[in-house]
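**Q** Numbering (this note's numbering), first residue to last: 754 to 1344.
For every residue, glycine included, the Cβ atom is placed at its ideal position computed from N, Cα and C.
#1: Note down the Cα distance separating residue 948 from residue 871, rounded to an integer number of angstroms.
#2: Between the segment 996-1013 and the segment 899-909, are three or more C-beta pairs nearer than 8 Å?
#3: Check each candidate in 877, 895 and 1122 and name the one with the smallest Cα separation from residue 926.
#4: Considering only residues of the segment 1059-1088, which uninterrupted beta strand (DSSP E) runs meet the minimum length of 3 residues and lie entirely inside it, listed in chain order?
#5: Within a Cβ cutoff of 8 Å, which residues of the same chain sit near residue 1071, ignoring the five residues on either side of it in sequence?
#6: Assuming the contact rule is C-beta atoms closer than 8 Å, residue 1088 and residue 1039 should be a hit. Round their C-beta distance to whole Å, please.
#7: Report yes if the CB atom of residue 1004 is closer than 7 Å to the CB atom of residue 1338, and no otherwise.
#8: From what residue to what residue does the alpha helix (DSSP H) around residue 847 run?
#9: Give every residue of the same chain whose Cβ lies closer than 6 Å to the Cβ of residue 930, excluding the five residues on either side of it in the sequence, and list them in chain order.
#10: Given that a residue counts as buried once 16 or more other Cβ atoms are within 10 Å of its Cβ, and exposed if not, what is residue 1044?
#11: Check this for me: beta carbons of residue 1095 and residue 860, under 7 Å apart or not?
#12: Considering only their Cβ atoms, is the gap separating residue 824 from residue 813 smaller than 7 Å?
#13: Short check: CB of residue 1264 to CB of residue 1256, under 7 Å?
#14: Mind checking residue 1023: buried by the 16 CB within 10 Å criterion, or exposed?
#15: Cα separation between residue 1171 and residue 1239?
#16: If distances are taken between C-alpha atoms only, which option among 826, 897, 1103 and 1055 comes closest to residue 1355?
#17: If residue 1074 and residue 1014 are in contact, beta carbons under 8 Å, what's the gap, nearest whole angstrom?
#18: Can you tell me whether residue 787 is helix, strand or coil according to DSSP?
#19: Where are the beta strand (DSSP E) runs, 3 residues long or more, that stay fully inside the segment 806-834, in chain order?
#20: Is there contact here, the segment 1208-1225 with the segment 1167-1181, by at least three beta-carbon pairs under 8 Å?
#21: With H, G and I counted as helix, E and B as strand and the rest as coil, what does DSSP make of residue 1142?
#22: Please report the straight-line C-alpha distance between residue 1297 and residue 1259, rounded to a whole angstrom.
#23: Just list the residues that DSSP pairs residue 904 with in beta bridges.
#24: By the three-class DSSP mapping on this structure, what secondary structure does residue 1122 have?
#25: For the beta strand (DSSP E) containing residue 1273, name the first residue and the last one.
#26: Quick check on residue 1221: does DSSP put it in helix, strand or coil?
#27: Using three-state DSSP, classify residue 1248 as helix, strand or coil.
#28: Alpha carbon to alpha carbon, what distance is there between residue 1062 and residue 1251?
#29: For residue 1288, which residues from the same chain have a beta carbon less than 7 Å from its beta carbon, with the 5 sequence-adjacent residues on both sides left out?
#30: Out of 894, 866, 922 and 895, which has the shortest C-alpha to C-alpha gap to residue 882?
#31: Is DSSP giving residue 1313 helix, strand or coil here?
#32: Check the DSSP bridge columns for residue 1111 and list the partner residues they point to.
#33: Can you list, in chain order, the residues of its chain whose CB lies under 6 Å from that of residue 1050, leaving out five sequence neighbours each side?
#34: Could you tell me the alpha carbon to alpha carbon distance between residue 1151 and residue 951, rounded to whole angstroms?
#35: What does the Cβ neighbour count give for residue 1131, buried or exposed, with the cut at 16 atoms within 10 Å?
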């Protein structure tokens, strides 16, 4: 793949030139080269380079300095700096978390959680009502039977669920929860609060193949999935931002949730293994993996040897899941047609031997949408006067990637990293890490540790850290009202034109304050709900909007803090871009 991209707005996406390829390798790291690393030349707006582009929410044509040139009508979306009459096409070309076509799949869980409630959440970010369509395995599933609009009942301190109306659609700014599956018989965790689309187990035990849910809409939305749904009483919960199929690609590096869970009593976490899932959007999709460890195989999944490329064939909606004790993190993946890749863990212990365990899941960005600079800011302390220093992970994608750190390098963090190498270290203070250029991308993941060391408040969780080059300037998201503690970690960028920061507004709090500096960025942490479901000012859980004139990042964190909600947490990025920001290819071929 080749091409060039010119940044023409006040964003943090860099200009690309050159091309790059990289032969894969095993986890010991050989192979992998990027194209020429270049940064944006000159200042935006100089030398006639000030071109029109589209706003991140696809609703406006803007100039290179962010000034609105044209507002698109609701039936139109911005494509190639023009208002065009197909918003879904605009979303498809934008390659962000806005989209009209998603696949949700139930990722790995421990055997003891069989039948757990699996749900997707759809946030209507458009200026018209949205119609929702769901199918699985070619069977249409009427959304009115399992889609609900959650509302917090202040009087009874509980969530009420209003049925979705397929005739009127999902109203502007609303969030719908789709209860996709739940096997009621003999299930061991909290049931869905309302009937699900299917009363059966839609996950795959161990390694095998499964069928995903296809969710489509007539206007752009943002989608998430949560497993199990139901807050603290559900236990084991994790969540992920879903990538629309327009953001999928054919080249990835595998990322598992974490290493195999260990305990002083091995029987505590039987089946608590790292997992990887790959789902196809089209029939006859061949997926080739160069595994960093042996793939043991399973039902309809042939084994594979470390360092030897193995190809698996998938049809539309079919997913391949590999769940085993040894991680595949760092393994190159290539497909003949775009696929979605999920990292997961059946129930991870972070750090190992420190309980309790929770599931983990994140949909992974393609290689070409992976950044080379990250701002890392952890969640706020679970106990006010106890500073935390959680684990972080960095996974290399290109040999010879040189890392620089601000304000200082955390203990155990690397100076250089190669393709397939995984480094884990602890850091309590915010930091910025970057490589020598856009064609030396790498992955960064953040973890929450087990709650046993913090009076059983919260439990293990894992999120992708979004690079500033993929920040957006507008978000609509949903925070689960069944969690008593919810907070937002917000990171903002400077203007490349003026060097100044822009205000960030949250619907319930107005203009945010309390900003602190890390490198060239600023961050703040905002509480929505604390203690025993106590609102903070006018903020509480539910649907929220945030906006700014400049790109910023938002991560949602929720955890249990009272007895019936102990040892649970969830987190996800509120949104992200997935535009190609490098020209690296990592084919699954051995040296």
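**A** Taking the geometry as given:
#1: Walking along the chain shown from the start, residue 948 turns up at place 195. Walking along the chain shown from the start, residue 871 turns up at place 118. Taken atom to atom, the span from the alpha-carbon of residue 948 to that of residue 871 is near 11 Å.
#2: At 8 Å Cβ cutoff, the stretches do not touch.
#3: Here residue 926 is taken as the residue at index 173 of the chain shown, counted from 1. Nearest C-alpha to residue 926: 877.
#4: Correct list: 1063-1067 and 1071-1076.
#5: Your numbering for residue 1071 matches position 318 in the chain shown. The answer, listed in chain order, is 962, 963, 964, 965, 1032 and 1033.
#6: Your numbering for residue 1088 matches position 335 in the chain shown. Your numbering for residue 1039 matches position 286 in the chain shown. Indeed they touch by this definition, with Cβ atoms about 7 Å apart.
#7: As a working note, residue 1004 is residue 251 in the chain shown. As a working note, residue 1338 is residue 585 in the chain shown. Their beta carbons are under 7 Å apart, which means residue 1004 touches residue 1338 by this criterion.
#8: The residue you call residue 847 lines up with position 94 of the chain shown. Residues 840-847.
#9: As a first step, residue 930 must be located in the chain shown, where it is residue number 177. Cβ within range, chain order: 872, 874, 901 and 903.
#10: Looking up residue 1044 in the chain shown gives position 291. The residue in question, residue 1044, is buried, as its Cβ has 16 or more Cβ neighbours within 10 Å.
#11: Against the chain shown, residue 1095 aligns to sequence position 342. Against the chain shown, residue 860 aligns to sequence position 107. Yes, the pair counts as a contact, with Cβ atoms nearer than the cut-off.
#12: Taking the chain shown and counting its residues from 1, one reaches residue 813 at position 60. Taking the chain shown and counting its residues from 1, one reaches residue 824 at position 71. Contact flag set, yes.
#13: For this step, residue 1264 is matched to residue 511 along the chain shown. For this step, residue 1256 is matched to residue 503 along the chain shown. A contact, by the Cβ cut-off of 7 Å.
#14: In the chain shown, the residue the question calls residue 1023 occupies position 270. Counting Cβ neighbours within 10 Å, residue 1023 comes out exposed, since fewer than 16 surround it.
#15: Counting from 1 along the chain shown, the entry for residue 1171 is found at position 418. Counting from 1 along the chain shown, the entry for residue 1239 is found at position 486. Roughly 37 Å separates the two Cα atoms.
#16: Residue numbering for the chain in the displayed model covers 754 to 1344; residue 1355 lies beyond these limits and cannot be assessed.
#17: The residue you call residue 1074 lines up with position 321 of the chain shown. The residue you call residue 1014 lines up with position 261 of the chain shown. In this structure residue 1074 does not touch residue 1014 by the C-beta definition: roughly 18 Å separates them, more than the 8 Å allowed.
#18: The count along the chain shown starts at 1 and reaches residue 787 at position 34. Residue placement at residue 787 cannot be trusted, given a pLDDT of 46 that sits under 50; what the coordinates show is reported in the next sentence. DSSP places residue 787 in coil when its eight states are reduced to three.
#19: Along the length of the segment 806-834, whole beta strand (DSSP E) runs at least 3 residues long occupy 813-815, 821-824 and 830-832, reported in chain order.
#20: Contact fails: fewer than three Cβ-Cβ distances are below 8 Å.
#21: Taking the chain shown and counting its residues from 1, the one referred to as residue 1142 is at position 389. The answer is coil: DSSP assigns residue 1142 none of H, G, I, E or B.
#22: Along the chain shown, one-based indexing puts residue 1297 at 544. Along the chain shown, one-based indexing puts residue 1259 at 506. Between the alpha carbons of residue 1297 and residue 1259 lies a distance of about 7 Å.
#23: Stepping through the chain shown from its first residue, residue 904 is reached at position 151. DSSP output for residue 904 lists 913 as bridge partner(s).
#24: The residue you call residue 1122 lines up with position 369 of the chain shown. DSSP places residue 1122 in helix when its eight states are reduced to three.
#25: On the chain shown, residue 1273 is found 520 positions in, with the first residue counted as 1. Bounds of any beta strand (DSSP E) do not take in residue 1273, whose DSSP letter is neither H nor E.
#26: Here residue 1221 refers to the residue found at position 468 of the chain shown. Residue state, collapsed to three classes: helix.
#27: By 1-based counting over the chain shown, the position of residue 1248 is 495. Per DSSP, reduced to three states, the secondary structure at residue 1248 is coil, with no helix or strand assignment.
#28: Residue 1251 sits at position 498 when you count from the first residue of the chain shown. Residue 1062 sits at position 309 when you count from the first residue of the chain shown. Residue 1062 has its alpha-carbon roughly 49 Å from the corresponding atom of residue 1251.
#29: Position 535 of the chain shown, counted from the first residue, corresponds to residue 1288. These residues qualify, in order along the chain: 1282.
#30: The count along the chain shown starts at 1 and reaches residue 882 at position 129. Ranking the options by Cα distance to residue 882, first place goes to 922.
#31: The sequence position of residue 1313 within the chain shown is 560, counting from 1. Of the three classes helix, strand and coil, the one that applies to residue 1313 here is coil, per DSSP.
#32: Mapped onto the chain shown, residue 1111 falls at position 358. For residue 1111, which the question treats as bridged, DSSP gives the partners 1101.
#33: Mapped onto the chain shown, residue 1050 falls at position 297. Here the set comprises 1056.
#34: Reading the chain shown from its first residue, position 398 is the one you call residue 1151. Reading the chain shown from its first residue, position 198 is the one you call residue 951. Rounded to whole angstroms, residue 1151 to residue 951 spans 43 Å at the Cα level.
#35: Residue 1131 sits at position 378 when you count from the first residue of the chain shown. Residue burial annotation: residue 1131 is buried, with at least 16 other C-beta atoms found within 10 angstroms of its C-beta.
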